[in-house]
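Structure first, then comments.
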Ligand SMILES: C[S@@+](CC[C@H](N)C(=O)[O-])C[C@H]1O[C@@H](n2cnc3c(N)ncnc32)[C@H](O)[C@@H]1O
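In my numbering, the protein residues as written are 1 to 268.
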C-alpha cells in the first residue's frame with residue numbers, strides 16, 4: 001500500500017485560510033455549499049440517508065463552514081442541525097446567513113474542533129460531512145469522535161477529497177497539499193478500514209474520481225472567467241497562485257491521482 005505524507009499544517013493554518021480571502025475565493029468558485037456538486041450533492045446524500053422519509057432528525061454537520069448544507073437540511077428536510085466549525089469567522093457568517101429564516105430555530109452553530117467535538121455522547125441521529133475532513137490531521141480520532149456522539153442505530157454519512165488510484169510523485173504531492181493547506185488526505189481504502197475497524201457497518205461506499213475531475217474543470221473555468229474580480233479583490237498574485245494550484249489539481253484529478261469518495265455507515 002502506498003504511504004502518503006502528512007504535512008505540517010496546524011489547525012490555525014487551516015482556519016486562517018477560511019478566515020481570510022481563501023474562504024471568499026472558495027465560495028466564489030463553488031458557492032455557499034463549499035463542496036463538489038453543490039446543493040444537488042447535499043440532496044443526494046440526504047436521500048441516501050433517508051432524510052426524505054424521516055422528519056426532525058438531529059444532524060451534526062462537521063466542518064459546516066458557511067452553513068449552506070445546514071440551512072438546506074433544516075429548510076427542506078425539517079432536520080435539527082448543529083453545524084460545527086473551528087473558524088470563528090465561518091461560524092459568524094453562517095449565523096448571519098441563518099438569522100431571520102423561518103427554520104432559524106432548527107439550527108445551532110457551534111465553534112469547536114472535530115477532534116474534540118463539543119457534544120454529549122450519543123446525541124445525534126446522523127453525523128454529516130461534505131468535502132472538509134481532508135483538513136483534519138487525525139482521521140482515526142475523527143472517526144472515533146463521530147462514533148462517540150452518534151446514537152446507536154445512527155448513521156455516518158460523508159464525502160471527502162482523497163488520494164486517487166494512481167501514485168503521485170512526492171514533489172507533486174507536496175505542491176497539491178501545500179496549495180490546499182491539507183495536513184493529509186485519506187485513501188478510499190484507508191477511510192473504509194478506519195470506519196469498519198471502529199465498528200460501523202458500511203452500507204455504501206462510492207469512488208467518485210470522474211465526477212471530481214469534471215467539477216475541478218468547472219472551478220478552473222469559473223476562476224478564469226472571474227479573473228478581473230479576483231485580481232481587483234485579492235490582488236494579481238492571489239489570482240496567479242490560485243490558477244496554478246487549481247490547474248495542478250485539475251491535472252491530478254484527470255490522472256486519477258486525487259479524487260472524491262462517499263461513505264454511508266451505521267453505528268449498530
Ligand atoms: C471546505 S470547508 C467545508 C465546507 C462545508 N462542509 C460545505 O459543504 O459547505 C472546510 C471547513 O472546515 C473547517 N475546519 C477545518 N478543520 C477543522 C477542524 N479540525 N474542526 C472543525 N472545523 C474545521 C474550516 O474552518 C472550514 O470552514
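Where is the CB? At the ideal position from N, CA and C, for every residue including glycine.
Note that the structure is predicted; figures quoted are calculated from it, not measured.
| Query | Result |
| --- | --- |
| Taking 7 Å as the cut-off, does the CB of residue 91 come closer than this to any heavy atom belonging to ligand 3? | In terms of ligand content, the structure shown lacks ligand 3 and carries ligand 1 instead. |
| Report the start-end ranges of each alpha helix (DSSP H) in the segment 43–116 that is 4 residues or longer and not cut off at the edges. | 68–77 and 88–98 |
| Distance check for residue 45 and residue 77, CA to CA, integer angstroms please. | 12 Å |
| For a quick check, are the C-beta atoms of residue 158 and residue 263 less than 8 Å apart? | yes |
| Alpha carbon to alpha carbon, how far is residue 4 from residue 190? Give it in angstroms, no decimals. | 11 Å |
| Less than 7 Å between the CB of residue 69 and some heavy atom of ligand 1, yes or no? | yes |
| Pop quiz: residue 103 and residue 74 are said to be a contact at Cβ under 8 Å. What is the actual Cβ separation, rounded to whole angstroms? | 4 Å |
| Distance, Cα to Cα, residue 188 vs residue 229? | 36 Å |
| Give the DSSP-derived three-state secondary structure of residue 207 in the structure shown. | strand |
| Pull up the distance between the alpha-carbon of residue 47 and that of residue 23, whole angstroms please. | 28 Å |
| Decide yes or no for the touch test of the segment 252–259 against the segment 163–172: beta carbon pairs closer than 8 Å, at least 3 of them. | yes |
| Let me know the secondary structure DSSP gives residue 141 once reduced to three states. | helix |
| Candidates 167, 118 and 194: which alpha carbon is nearest residue 62's? | 118 |
| Do we get a CB-CB distance below 8 Å when we pair residue 259 with the residues of chain D? | Although the question refers to chain D, the structure presented lacks it and comprises just one protein chain. |
| Residue 143 to residue 128, Cα distance in whole Å? | 12 Å |
| Using the rule of at least 16 other Cβ atoms within 10 Å of the residue's Cβ for burial, across every protein chain shown, is residue 85 buried or exposed? | buried |
| Alpha carbon to alpha carbon, how far is residue 83 from residue 231? Give it in angstroms, no decimals. | 32 Å |
| Counting only runs of 3+ residues fully inside the segment 140–216, write out the beta strand (DSSP E) ranges in chain order. | 150–163 and 201–207 |
| Got a sec, what are the start and stop residues for the alpha helix (DSSP H) residue 249 sits in? | 236–254 |
| How would you write the range of the alpha helix (DSSP H) that residue 19 sits in, first residue to last? | 11–19 |
| In whole angstroms, what separates the C-alpha of residue 238 from that of residue 210? | 28 Å |
| Between the Cα of residue 192 and the Cα atoms of 37, 204 and 178, which residue gives the shortest distance? | 204 |
| What separation, rounded to the nearest whole angstrom, lies between the Cα atoms of residue 113 and residue 171? | 30 Å |
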